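Engineer: Provided herewith is a single structure, encoded as structure tokens, for subsequent inquiry.
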Amino acid sequence: MTRSVFRFLSRQPDSPHLRDNTHFLRLPRNSDYNQWYKLRSESRAFLQPWEPLWRPDELTESAFRTRVIRNTQEYSSGLAIPLFLFRQSDETLLGGLTIGLIRRGVSQACMIGYWMGQPFAGQGHMFAALQLAIPYIFKELELHRIEAACIPDNHKSIRLLESAGFEREGLLRGYLNINGEWRDHALYSLLVPSDIQPSKKLYS
Numbered sequence: 001m002t003r004s005v006f007r008f009l010s011r012q013p014d015s016p017h018l019r020d021n022t023h024f025l026r027l028p029r030n031s032d033y034n035q036w037y038k039l040r041s042e043s044r045a046f047l048q049p050w051e052p053l054w055r056p057d058e059l060t061e062s063a064f065r066t067r068v069i070r071n072t073q074e075y076s077s078g079l080a081i082p083l084f085l086f087r088q089s090d091e092t093l094l095g096g097l098t099i100g101l102i103r104r105g106v107s108q109a110c111m112i113g114y115w116m117g118q119p120f121a122g123q124g125h126m127f128a129a130l131q132l133a134i135p136y137i138f139k140e141l142e143l144h145r146i147e148a149a150c151i152p153d154n155h156k157s158i159r160l161l162e163s164a165g166f167e168r169e170g171l172l173r174g175y176l177n178i179n180g181e182w183r184d185h186a187l188y189s190l191l192v193p194s195d196i197q198p199s200k201k202l203y204s
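Just so we're aligned: 11 in the UniProt record's numbering is position 11 of the sequence shown, and the numbers increase by one with no gaps anywhere.
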């Protein structure tokens, strides 16, 4: 492990749990499978245009358990923090948000991605999730920059990012293979606010 990973682990609790009065974010667990399966199944047509092609075993319990193991490893290694978004009142799974591609050194940046189940889309849940994740990224992870890549005709996602303070920087040509096609993505970013003091020492 590199020194940056040791520092990451020393600053983080065993499992992140971000919450407000109506939502919370945490790492996926095996016990989430039934909720995840139901939500992803009923939202497939809604999600597929914006995601990589689903594998034949995408929704199986064994694939989900493998995903949970990989998510835990990514968090432990300091590379990514995949989170599920729940409603606080009844612990209903609403969607997910991943803090990924965490880079240290002179970059101090990450890339976020997210998905929302169709029954809960357009109700402000993902905006609330961003309001939980953004302070965590800047204050707890001590990162300088958050990036997000969005297909240019995904207008709902663009409005979400802009509402959260992200600014468009440019176009990434043929950036990701989405729904079987290499798609351009607009690059958005958010920089740490001036009132949050950055760490005095960069991590190698």
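All C-beta atoms, glycine included, are put in the ideal place defined by N, C-alpha and C. A quick note: this is a predicted structure, and the numbers were derived from the prediction, not measured.
Applying the criterion that 16 or more other CB atoms from any shown protein chain within 10 Å of the CB defines a buried residue, is residue 159 buried or exposed?
Structural biologist: Residue mapping note: residue 159 aligns to position 159 of the sequence shown, counting from 1. Classification for residue 159: exposed.
Engineer: Since I believe residue 151 is in contact with residue 134 (beta carbons under 8 angstroms), could you give me their beta-carbon distance rounded to a whole number of angstroms?
Structural biologist: The residue given as residue 134 occupies position 134 in the sequence shown. The residue given as residue 151 occupies position 151 in the sequence shown. With 8 angstroms as the limit, residue 134 and residue 151 do not qualify as a contact, their Cβ atoms being about 22 angstroms apart.
Engineer: Excluding five sequence neighbours on each side, which residues of the same chain lie with their C-beta closer than 8 angstroms to the C-beta of residue 183?
Structural biologist: Taking the first residue of the sequence shown as position 1, residue 183 is located at position 183. Cβ neighbours of residue 183 beyond the five flanking positions: 151, 174, 175, 176, 177.
Engineer: Kindly indicate which three-state DSSP category residue 26 falls into: helix, strand or coil?
Structural biologist: As a working note, residue 26 is residue 26 in the sequence shown. Residue 26 falls in the strand class under three-state DSSP.
Engineer: Which residue's Cα is closest to the Cα of residue 16: 69, 75, 65?
Structural biologist: In the sequence shown, counting from the first residue as 1, residue 16 sits at position 16. Cα-wise, what sits closest to residue 16 is 75.
Engineer: Could you check what DSSP says for residue 185 in three-state terms: helix, strand or coil?
Structural biologist: Counting from 1 along the sequence shown, the entry for residue 185 is found at position 185. In this structure, residue 185 counts as strand in the three-state DSSP scheme.
Engineer: I need the DSSP call for residue 18, collapsed to helix, strand or coil.
Structural biologist: Along the sequence shown, one-based indexing puts residue 18 at 18. Three-state result, residue 18: strand.
Engineer: State the Cα-Cα distance for the pair residue 192 and residue 141, rounded to the nearest angstrom.
Structural biologist: Here residue 192 corresponds to residue number 192 of the sequence shown, with the count starting at 1. Here residue 141 corresponds to residue number 141 of the sequence shown, with the count starting at 1. Approximately 11 angstroms between the Cα atoms of the pair.
Engineer: Quick check on residue 212: does DSSP put it in helix, strand or coil?
Structural biologist: As displayed, the chain neither begins before 1 nor continues past 204, which places residue 212 out of reach and without an answer.
Engineer: Can you tell me where the alpha helix (DSSP H) holding residue 86 begins and where it ends?
Structural biologist: Walking along the sequence shown from the start, residue 86 turns up at place 86. Taken as a continuous stretch (DSSP letters only), residue 86 belongs to no alpha helix (DSSP H), being part of the beta strand (DSSP E) at 81 to 87.
Engineer: Would you check if the distance between the CB atom of residue 79 and the CB atom of residue 102 is smaller than 8 angstroms?
Structural biologist: The residue labelled residue 79 in the question sits at position 79 within the sequence shown. The residue labelled residue 102 in the question sits at position 102 within the sequence shown. Cβ distance < 8 angstroms, so residue 79 and residue 102 count as in contact.
Engineer: Hey, out of 126, 97, 68, 98, whose CA is closest to residue 164's CA?
Structural biologist: Start at 1 with the first residue of the sequence shown, and residue 164 comes out as number 164. For residue 164, the nearest C-alpha among the options comes from 126.
Engineer: If we call anything under 8 angstroms between Cβ atoms a contact, is residue 18 one with residue 136?
Structural biologist: In the sequence shown, the residue the question calls residue 18 occupies position 18. In the sequence shown, the residue the question calls residue 136 occupies position 136. Cβ distance < 8 angstroms, so residue 18 and residue 136 count as in contact.
Engineer: At what residues does the alpha helix (DSSP H) containing residue 115 begin and finish?
Structural biologist: Taking the sequence shown and counting its residues from 1, the one referred to as residue 115 is at position 115. Here residue 115 belongs to no alpha helix (DSSP H); instead the beta strand (DSSP E) covers 109 to 116.
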